[in-house]
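Chemist: With positions in the sequence shown counted from 1, the corresponding number in this note's numbering is that position plus 89.
One structure, pasted below without further comment.
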Amino acid sequence: MEFVENRSSRTHRELELLDVLRRLGGTARNSDLAKALDVSEETVRRTIKALSKSGAVERVHGGAYLAGTQSGPSFFRRISQHSEQKRLIAGSVGRKVRDGMSIFLDAGSTTAFVAEELRQHGNLTVVTNSIGVAQILAGVNGNRVHLLGGEMQGDERGTFGHVAHRQAQRYVFDLAILSTDAISARRGFLYLSEAEADLASVVVESADRVLVAAVHFKFGETAPYHGPDPRRVHDLVTDRKPKGALADSLKKWGIKTNLATGEER
90 MEFVENRSSR THRELELLDV LRRLGGTARN SDLAKALDVS EETVRRTIKA LSKSGAVERV
150 HGGAYLAGTQ SGPSFFRRIS QHSEQKRLIA GSVGRKVRDG MSIFLDAGST TAFVAEELRQ
210 HGNLTVVTNS IGVAQILAGV NGNRVHLLGG EMQGDERGTF GHVAHRQAQR YVFDLAILST
270 DAISARRGFL YLSEAEADLA SVVVESADRV LVAAVHFKFG ETAPYHGPDP RRVHDLVTDR
330 KPKGALADSL KKWGIKTNLA TGEER
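Have a look at this one:
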């Protein structure tokens, strides 16, 4: 049922935040809301918490979206799922990045957590097709951030298509950090979106090292589109050790599994 706003019950701050959310297309990060309202992020978080209790907005990691007007953007739904595991994985990935590196980050929900971790690093050259990643890392610690052009896919908050491919091919990456929708023992890394699968396959050809960050819930799942050749992937960072046929396939492909607990095999 669509949410009907009772404006008389809202504080002035809550009404302002709701208006800003609408202007920003129904979704926004806490940092963007704080800037638009000229308040602290802590004030934004408190306001969002109050609004979420009444059902006006839905809270997700690092942001919020308007409730009732839509089912919720797929990116924001995904980033709120398994957030603790993703944060753990992101911490492990962050420890593999050194200051001054040239890296690629895609528009996945797990890589959004990785971007937050990378705010601790400096002088990075970051290439991404993710609006969120660009917002998180631009202007931080001397980082240079390049947002790929191409067709915008709003649900993914990212750019895709042949323009993104051509621009990505101009770079050389020390490390490409990718997400995935499924990991199959037979097929490798799979995607629900053809555009995401195609971009990932292009990026790995320009990377010295390729890392896939994925929660264990992706193990054994399926999706319709092939991603990069698994033999082009060097590391899988995850929160649980793969077993059985998948473990065998990862070993055959030469992929090292890194557990987010810090233990590696």
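Even glycine gets a Cβ: it sits at the ideal position worked out from N, Cα and C.
All of these numbers come straight from a predicted model, not from anything done at the bench.
Any idea what DSSP makes of residue 205, helix, strand or coil?
Modeler: In this structure, residue 205 counts as helix in the three-state DSSP scheme.
Chemist: Could you please give me the residues that DSSP links to residue 224 through a beta bridge?
Modeler: According to DSSP, which records beta bridges pairwise, residue 224 is partnered with nothing at all.
Chemist: Compute the Euclidean distance between the alpha carbons of residue 72 and residue 350, then round it to the nearest angstrom.
Modeler: The requested residue 72 does not occur in the structure, where the chain is confined to residues 90 to 354.
Chemist: Going by the beta-carbon positions, is the gap between residue 249 and residue 288 smaller than 8 Å?
Modeler: Yes, the pair counts as a contact, with Cβ atoms nearer than the cut-off.
Chemist: Please return the same chain residues whose Cβ sits closer than 6 Å to the Cβ of residue 274, not counting the five positions on each side in sequence.
Modeler: So the list reads 334, 335 and 338, once near-sequence residues are dropped.
Chemist: I'd like to confirm the pairing. Which residues does DSSP put opposite residue 199 in its beta bridges?
Modeler: DSSP, once it has assigned bridges, lists no residue as partnering residue 199.
Chemist: Note down, one range per segment and in chain order, each alpha helix (DSSP H) of at least 4 residues found wholly within the segment 237-311.
Modeler: Taking only runs of at least 4 residues, the alpha helix (DSSP H) segments lying wholly in the segment 237-311 are 251-257 and 283-293.
Chemist: Under DSSP, the beta strand (DSSP E) around residue 72 begins and ends at which residues?
Modeler: The question about residue 72 has no answer, for the chain in this structure spans 90 to 354.
Chemist: Along the chain, where does the beta strand (DSSP E) that runs through residue 153 open and close?
Modeler: 152-155 is the extent of the beta strand (DSSP E) around residue 153.
Chemist: For residue 305, which option in 252, 221 and 268 has the closest C-alpha, if you only look at C-alpha atoms?
Modeler: If we check each option's Cα against that of residue 305, 268 comes out closest.
Chemist: Excluding the 5 residues flanking residue 254 on each side, which residues of the same chain have their C-beta closer than 6 Å to its C-beta?
Modeler: Counting only Cβ-Cβ distances below 6 Å, and skipping sequence neighbours, we find 291.
Chemist: Compare the Cα-Cα distances from residue 204 to each of 194, 212 and 154 and report the closest residue.
Modeler: If we check each option's Cα against that of residue 204, 194 comes out closest.
Chemist: Do you know offhand how far residue 362's Cα is from residue 293's?
Modeler: Here the chain comprises residues numbered 90 to 354, so residue 362 is not present and cannot be evaluated.
Chemist: Report the CB separation of residue 252 from residue 234 in whole angstroms; it is logged as a contact under 8 Å.
Modeler: Contact doesn't hold; Cβ gap of about 18 Å is too wide.
Chemist: Identify, in the order they occur along the chain, each residue of the same chain with its Cβ nearer than 6 Å to the Cβ of residue 345, setting aside the five sequence neighbours on each side.
Modeler: For residue 345, where only same-chain residues beyond five positions count, the Cβ hits under 6 Å are 324.
Chemist: Do you know offhand how far residue 123's Cα is from residue 276's?
Modeler: Answer to the nearest angstrom: the Cα atoms are 44 Å apart.
Chemist: From the DSSP secondary-structure annotation, give me the bridge partner or partners of residue 216.
Modeler: Paired residue(s): 193 and 235.
Chemist: Identify whether residue 113 lies in helix, strand or coil by the three-state DSSP scheme.
Modeler: Three-state DSSP puts residue 113 in coil, outside helix and strand.
Chemist: State yes or no: is the C-beta of residue 145 within less than 8 Å of the C-beta of residue 107?
Modeler: In this structure, residue 107 lies closer than 8 Å to residue 145 by Cβ.
Chemist: Identify whether residue 146 lies in helix, strand or coil by the three-state DSSP scheme.
Modeler: Residue 146 falls in the strand class under three-state DSSP.
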